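Everything below concerns the one structure shown next.
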Amino acid sequence: MRLVADYHTHTVHSHGKGSVDDNVREALRRGLKAVGISDHSMAHALYGVRRVDEYLADISRAKEKYAGRIEVRTGIELNIIGLDGSVDLPQGVFDTVIMGYHKSAWCRDLRTMWVFSTPGFSGRADEITRAYIQAMRRHRIDIIAHPGYGVPVDVKTLAKACADYGVLWEINNKHAELGPEDLALAASVGARFVIASDAHSPENVGCVPAAFSLARRAGLGAAQIANVTEE
Ligand SMILES: [Zn+2]
Ligand SMILES: [Zn+2]
Numbered sequence: 079m080r081l082v083a084d085y086h087t088h089t090v091h092s093h094g095k096g097s098v099d100d101n102v103r104e105a106l107r108r109g110l111k112a113v114g115i116s117d118h119s120m121a122h123a124l125y126g127v128r129r130v131d132e133y134l135a136d137i138s139r140a141k142e143k144y145a146g147r148i149e150v151r152t153g154i155e156l157n158i159i160g161l162d163g164s165v166d167l168p169q170g171v172f173d174t175v176i177m178g179y180h181k182s183a184w185c186r187d188l189r190t191m192w193v194f195s196t197p198g199f200s201g202r203a204d205e206i207t208r209a210y211i212q213a214m215r216r217h218r219i220d221i222i223a224h225p226g227y228g229v230p231v232d233v234k235t236l237a238k239a240c241a242d243y244g245v246l247w248e249i250n251n252k253h254a255e256l257g258p259e260d261l262a263l264a265a266s267v268g269a270r271f272v273i274a275s276d277a278h279s280p281e282n283v284g285c286v287p288a289a290f291s292l293a294r295r296a297g298l299g300a301a302q303i304a305n306v307t308e309e
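So the number in my numbering is just where the residue sits in the sequence shown, counting from 1, plus 78.
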């Protein structure tokens with residue numbers, strides 16, 4: 079399998095090291111057909127994008143500059159901030175909406191904060207899974223970022239909901255908390271996948287060896303992954 083697009087990359091607008099332009103140039107160098115800039119949304123206490131207007135303008139400039147050579151997508155990595163499925167979607171038009179849990183994001187109420195941050199009580203994975211599903215119901219979400227990273231989820235239930243709502247299950251090169259058996263279970267209920275670098279440095283854009291290895295061990299084929307082709 080070969081990667082044709084990387085929809086999940088960070089820049090200096092959140093806590094990446096490179097500029098939008100740096101990420102696009104690396105994606106071009108690797109022969110990708112599309113690259114997504116997906117910096118953290120505002121609830122991320124340390125790294126959330128502060129000037130969304132500047133962020134969007136910067137990506138717009140790259141879209142124009144590289145038109146005809148590579149597709150540059152305006153993305154955002156939302157935080158789930160409520161058990162009711164609340165997310166921190168900013169104003170703006172986005173080509174790719176990614177959503178996930180991050181421990182540095184503020185929560186909209188104490189109960190959510192407690193459930194997200196307190197390990198060890200029964201039913202936690204169920205409550206968190208329900209929150210993810212509520213978010214998919216209430217908002218347009220294209221990709222669930224790194225499922226299982228930071229908080230437990232019920233893989234089968236979440237994967238079935240992803241299949242029902244047409245949301246892609248991310249296989250993240252940096253955060254691979256789930257094993258091949260979890261991905262195989264997700265696939266068995268119809269989930270489709272996307273492989274992502276989650277690059278925080280330009281040189282890591284399009285670099286996904288760990289994610290590929292995991293996909294292979296799970297027995298996934300190119301037809302089940304949105305952004306690869308058969309070699
Ligand atoms: Zn993330
Ligand atoms: Zn990320």
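Glycine included, C-beta positions come from ideal geometry on N, C-alpha and C. Keep in mind it's a predicted model, so treat the numbers as computed, not measured.
Three-way DSSP call (helix, strand, coil) for residue i in this model
{"i": "residue 139", "result": "helix"}
{"i": "residue 151", "result": "strand"}
{"i": "residue 191", "result": "helix"}
{"i": "residue 207", "result": "helix"}
{"i": "residue 177", "result": "strand"}
{"i": "residue 108", "result": "coil"}
{"i": "residue 165", "result": "strand"}
{"i": "residue 90", "result": "coil"}
{"i": "residue 128", "result": "coil"}
{"i": "residue 80", "result": "strand"}
{"i": "residue 183", "result": "strand"}
{"i": "residue 298", "result": "coil"}
{"i": "residue 305", "result": "coil"}
Pair within 8 Å by beta-carbon distance, residue i and residue j
{"i": "residue 154", "j": "residue 168", "result": "yes"}
{"i": "residue 237", "j": "residue 288", "result": "no"}
{"i": "residue 182", "j": "residue 254", "result": "no"}
{"i": "residue 311", "j": "residue 149", "result": "With the chain running from 79 to 309 in the structure shown, residue 311 is simply not present."}
{"i": "residue 144", "j": "residue 91", "result": "no"}
{"i": "residue 308", "j": "residue 300", "result": "yes"}
{"i": "residue 113", "j": "residue 120", "result": "no"}
{"i": "residue 87", "j": "residue 97", "result": "no"}
{"i": "residue 174", "j": "residue 117", "result": "no"}
{"i": "residue 225", "j": "residue 203", "result": "no"}
{"i": "residue 103", "j": "residue 284", "result": "no"}
{"i": "residue 275", "j": "residue 282", "result": "yes"}
{"i": "residue 106", "j": "residue 273", "result": "no"}
{"i": "residue 185", "j": "residue 201", "result": "no"}
{"i": "residue 261", "j": "residue 249", "result": "yes"}
For residue i, the nearest candidate out of the options (CA to CA)
{"i": "residue 271", "options": "247, 292, 280", "result": "247"}
{"i": "residue 209", "options": "198, 250, 222", "result": "222"}
{"i": "residue 267", "options": "189, 234, 243", "result": "234"}
{"i": "residue 243", "options": "213, 135, 162", "result": "213"}
{"i": "residue 170", "options": "161, 129, 190, 273", "result": "129"}
{"i": "residue 162", "options": "151, 187, 172", "result": "187"}
Extent of the continuous beta strand (DSSP E) run through residue i
{"i": "residue 84", "result": "83-87"}
{"i": "residue 113", "result": "112-115"}
Query raised in the report: Which ranges would you report for the alpha helix (DSSP H) in the region 226-296 if only whole runs of at least 4 residues count?
Result: As far as the region 226-296 is concerned, its whole alpha helix (DSSP H) runs of at least 4 residues are 233-243, 258-266, 287-295.
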